[in-house]
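Residue numbers for the sequence shown follow UniProt numbering, beginning at 1 and rising by one. Ideal placement from N, C-alpha and C gives every residue a C-beta, glycine not left out. Predicted model, so just to flag it, every value in this text is computed and none were measured. Have a look at the structure below, then the notes.
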Amino acid sequence: MHRDLRLCSIGHRGLHSGGTDNIGHRTIVVGIDGSPHSDAALAWAVDEASRRDLSLHLVSAGVHQPHGGTIAFEEAYVDAIIASEALESAEEHLAAAVASARASDPDLVVTIASTLERAAGVLVELSARAHSLVVGRSSYGPVMGAALGSVASQVVTHAQCPVVVVREVSSHPAGQRGVAVAVDGSAGSELALAHAFEQASVRGVHLDVIHAWWTRATAGPLPDTRNDQLADKHLLLAEVMAGWSEQYPDVEVRVSLPMGPTVTAIIDAASAADLLVVGSRGHGGFRNLLLGSVSQGVVGHATCTVIVVRPTRGDPVSSGTLRTWREAAVAR
Numbered sequence: 001m002h003r004d005l006r007l008c009s010i011g012h013r014g015l016h017s018g019g020t021d022n023i024g025h026r027t028i029v030v031g032i033d034g035s036p037h038s039d040a041a042l043a044w045a046v047d048e049a050s051r052r053d054l055s056l057h058l059v060s061a062g063v064h065q066p067h068g069g070t071i072a073f074e075e076a077y078v079d080a081i082i083a084s085e086a087l088e089s090a091e092e093h094l095a096a097a098v099a100s101a102r103a104s105d106p107d108l109v110v111t112i113a114s115t116l117e118r119a120a121g122v123l124v125e126l127s128a129r130a131h132s133l134v135v136g137r138s139s140y141g142p143v144m145g146a147a148l149g150s151v152a153s154q155v156v157t158h159a160q161c162p163v164v165v166v167r168e169v170s171s172h173p174a175g176q177r178g179v180a181v182a183v184d185g186s187a188g189s190e191l192a193l194a195h196a197f198e199q200a201s202v203r204g205v206h207l208d209v210i211h212a213w214w215t216r217a218t219a220g221p222l223p224d225t226r227n228d229q230l231a232d233k234h235l236l237l238a239e240v241m242a243g244w245s246e247q248y249p250d251v252e253v254r255v256s257l258p259m260g261p262t263v264t265a266i267i268d269a270a271s272a273a274d275l276l277v278v279g280s281r282g283h284g285g286f287r288n289l290l291l292g293s294v295s296q297g298v299v300g301h302a303t304c305t306v307i308v309v310r311p312t313r314g315d316p317v318s319s320g321t322l323r324t325w326r327e328a329a330v331a332r
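Printed below as a string of structure tokens:
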């Protein structure tokens with residue numbers, strides 16, 4: 001397995017050698033594979049880095065599966081040639097990506113790395129130090145029967161920083177479409193809410209707060225309790241939003257309570273947004289899962305770019321500086 005990444009750094013200070021030691025909370029890591037989805041991910045990352053004065057680290061993995069076990073000299077020679085070609089292809093993708101990034105923002109600092117290791121493993125390892133990780137929705141080919149690419153799926157599940165899965169580059173002018181966030185009252189969704197408010201503020205757009213809910217249909221007239229449930233949800237949403245609106249007075253907040261199957265309701269409610277923020281997992285599902293079923297469904301089928309936010313050491317939720325909905329309700 002190829003353990004050493006080929007690295008260099010490109011920026012307004014010129015071209016120089018570099019490494020992964022300089023990757024930190026001011027660096028966005030981007031998976032590059034030369035596909036249209038990868039191009040969309042790069043465009044999103046360049047825009048985000050320019051807006052926040054961050055650097056980029058572009059990673060491209062050559063696709064190569066060497067023979068295992070004891071092999072003949074001829075097979076080893078062929079493997080070496082294929083590996084060299086795969087790495088050369090990865091470096092070509094990186095060169096094109098750097099040119100594109102520099103055309104958009106000549107002052108952007110960009111580091112690059114090519115490798116023959118599995119892309120998902122490299123990206124997940126880098127996520128431990130990165131500001132965020134950006135991938136195209138179907139990068140490195142699809143999983144059979146899945147809507148999300150294999151690398152994107154693994155990265156969303158295992159990364160240790162916010163992961164941005166880019167669906168496409170919006171054709172709408174900046175500022176015309178907003179940010180949406182899915183909330184369910186869990187600590188994870190509280191962190192997503194914090195991230196969404198910050199994104200909306202930085203972008204100068206409105207924020208759609210979505211809480212999907214569902215009551216099983218029953219025979220005969222609808223129970224009166226449904227209206228009571230809806231009233232309670234509106235009240236709780238209003239209380240939670242009040243605190244955030246004080247912190248972000250510049251962000252216009254729009255609240256929606258779509259009724260229906262959770263994933264479908266969230267996707268439909270966020271259809272007009274440029275960006276949808278979700279927590280890695282909410283109240284439902286099994287606690288040992290790294291990514292909740294709702295988050296998986298939203299990432300795989302949303303019509304816009306999705307950010308998956310996962311609690312990390314020192315974040316506001318884990319450190320207890322953000323109240324969960326449950327605590328807010330008790331404080332009432």
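A direct Cα-to-Cα measurement between G136 and H37 gives close to 5 Å. The region 244-256 makes contact with the region 191-198, as at least three CB pairs between them are under 8 Å. When DSSP states are grouped into helix, strand and coil, G136 belongs to the strand group. When DSSP reads this structure, I23 sits in no beta bridge, so it has no partner. Membership of V309 in the beta strand (DSSP E) is indicated by the continuous run 305-309. When rounded, the separation of the alpha-carbon atoms in G121 and D47 is 25 Å. Counting of Cβ neighbours within 10 angstroms places A242 among the exposed residues, the total staying below 16.
Taking the Cα positions, S60 is about 30 Å away from V181. Excluding its 5 nearest sequence neighbours in each direction, M259 has C-beta neighbours in its own chain below 8 Å: A212, W213, W214, T215, A265, listed in chain order. In the DSSP assignment, R102 is bridged to no other residue. Within its own chain, the residues whose Cβ lies closer than 7 Å to the Cβ of V155, once the five positions on either side in sequence are excluded, are A120, L123, V124, L133, V135, V163, listed in chain order. When the alpha-carbon of R203 is set against those of R51, A272, S127, the nearest one is in R51.
Only residues of its own chain outside the window of five on either side were considered, and among them G136, V166, E168, V169 have a CB closer than 7 Å to the CB of A40, listed in chain order. Annotation: the continuous beta strand (DSSP E) that includes I210 extends over 207-210.
For the pair A49 and A130, the Cα-to-Cα distance works out to about 12 Å. The distance from the Cβ of I28 to that of L42 is about 10 Å, inconsistent with a contact at the 8 Å cut-off.
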